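Colleague: Please see the structure below; I have some questions.
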Amino acid sequence: MRYFRCTFMIAGLLVACGPALSQDIGPTSTETEAQTLGDESVKDIQALLTDLKRERDPEAASEIAAEITTHWNTSGSPTIDLLMQWAAEAIKERRNPAALDFLDQAITLRPDFAGAWNQRATLHYTMNDYGKAMSDIEHVLAIEPRHFGALAGMAAILAERGREEMSLKAWERYLEIYPADREAQDLVTKLSEKLAGSRT
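Heads up: the sequence shown is residues -22 to -1, 1 to 178, going by mature numbering (1 follows the signal peptide of the UniProt record, and there is no 0).
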C-alpha cells in the first residue's frame, strides 16, 4: 500500500473554516483557473509515464514516479489545490470528517480531478471503509487508467478481501506502468507462487 498511502501531501498551512471557504469559491472561477495546466502539463505527464515504463533502475524510477504523482495531485486551480492541502492537514491531525468535507468540495468543483478522488480513496481506506475506497479508486482509474497509486490501492484492498487472483491482475497492470518497482515485483512473484500452489 506504499504508493496508495503516499498520496497524502501534508502542507504547513492553517486549516480554514469550511463554510467560510465555500462562500468564497465559485465553480466558474475554478474551472477557469484549472485551465492553467494546459496542454503542456498533459505532455509532461505523457513523457514522464513513458520514461517510467522504460526506466529499469529502481531509484531513478522512484524519482520519476514521485514527479508523476506531484502532477496528478496538482489540479491547476489554486482553490482546489488549497482544499487538497487543507484535507492533508486535517488527515495529519486525524480530523477525518473535516478532511472528507474538503475533499468532497474539491471533487464537486472538479469531478475530473483524479488527485482528489485518489486522496479520498486513501482516506476511506485508512478508515477501513473498503467499499467507498474501491468506489473512489474506480473513479480515479476512469479518469486516468495509468494511475499506479490507485492500482496499488485496488490490489491491496482485493488482497485483504481474499480476492488474490484479482489482486494479482491489479499488480500486473501496475507493473505494466511502473516495471522497476521491486516491491511490486516481489508481491507479484509471491502471489503467483501462492496461487499456483493452491491449484495443485
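We treat Cβ as the ideally placed atom computed from N, Cα and C, and that holds for glycine.
If you're wondering where the values come from, they're calculated on a predicted model, not measured in any experiment.
Here's the rule: buried if 16 or more other CB atoms are within 10 angstroms of the residue's CB, otherwise exposed. What is S53?
Modeller: Buried, by the Cβ-count rule.
Colleague: Taking A39 as the reference, which of E171, I155, E116 and N74 has the closest Cα?
Modeller: A39 has its Cα closest to that of I155, out of E171, I155, E116 and N74.
Colleague: Return helix, strand or coil for D159, following the three-state DSSP convention.
Modeller: Reduced to three states, the DSSP call for D159 is coil.
Colleague: Distance, Cα to Cα, N74 vs Y108?
Modeller: One C-alpha to the other measures close to 15 Å.
Colleague: Quick one: what does DSSP say P36 is sitting in, helix, strand or coil?
Modeller: If DSSP states are grouped into helix, strand and coil, P36 belongs with the helices.
Colleague: Looking at the secondary structure, which residues open and close the alpha helix (DSSP H) in which R98 lies?
Modeller: Unbroken alpha helix (DSSP H) run through R98: A92 to T104.
Colleague: Can you tell me the Cα-Cα spacing of L80 and R139, whole angstroms?
Modeller: What sits at residue 80 in the sequence shown is Phe, not Leu. Computed Cα separation, rounded: 29 Å.
Colleague: How would you call E122, buried or exposed, if buried means at least 16 neighbouring beta carbons within 10 angstroms?
Modeller: So E122 counts as buried.
Colleague: Thinking just about the alpha-carbon of each residue, which of E142, Y152, K147 and E161 is nearest to the one in T173?
Modeller: Note that residue 173 is Leu in the sequence shown, not Thr. Out of E142, Y152, K147 and E161, E142 has the C-alpha closest to the C-alpha of L173.
Colleague: Inspect the CB distances between the segment 64 to 78 and the segment 110 to 120 and report whether three or more fall short of 8 Å.
Modeller: No contact exists between the segment 64 to 78 and the segment 110 to 120.
Colleague: Once you ignore the five residues that flank D29 on each side, which residues in its own chain have a CB closer than 7 Å to its CB?
Modeller: Closer than 7 Å at the Cβ level, and outside the excluded window around D29, lie I42.
Colleague: Please state whether DSSP places G54 in a helix, a strand or coil.
Modeller: Note: G54 maps to coil in three-state DSSP.
Colleague: If you follow the alpha helix (DSSP H) that E116 is in, where does it begin and where does it stop?
Modeller: Per DSSP, E116 belongs to the alpha helix (DSSP H) from Y108 to I121.
Colleague: Alpha carbon to alpha carbon, what distance is there between T104 and K21?
Modeller: Answer to the nearest angstrom: the Cα atoms are 33 Å apart.
Colleague: Considering only residues of the same chain and omitting the five flanking positions on each side of R72, which have a CB-CB separation below 7 Å?
Modeller: Correct list: empty, nothing qualifies.
Colleague: Mind checking H131: buried by the 16 CB within 10 Å criterion, or exposed?
Modeller: Note that residue 131 corresponds to Gly in the displayed sequence, not to His. Classification for G131: buried.
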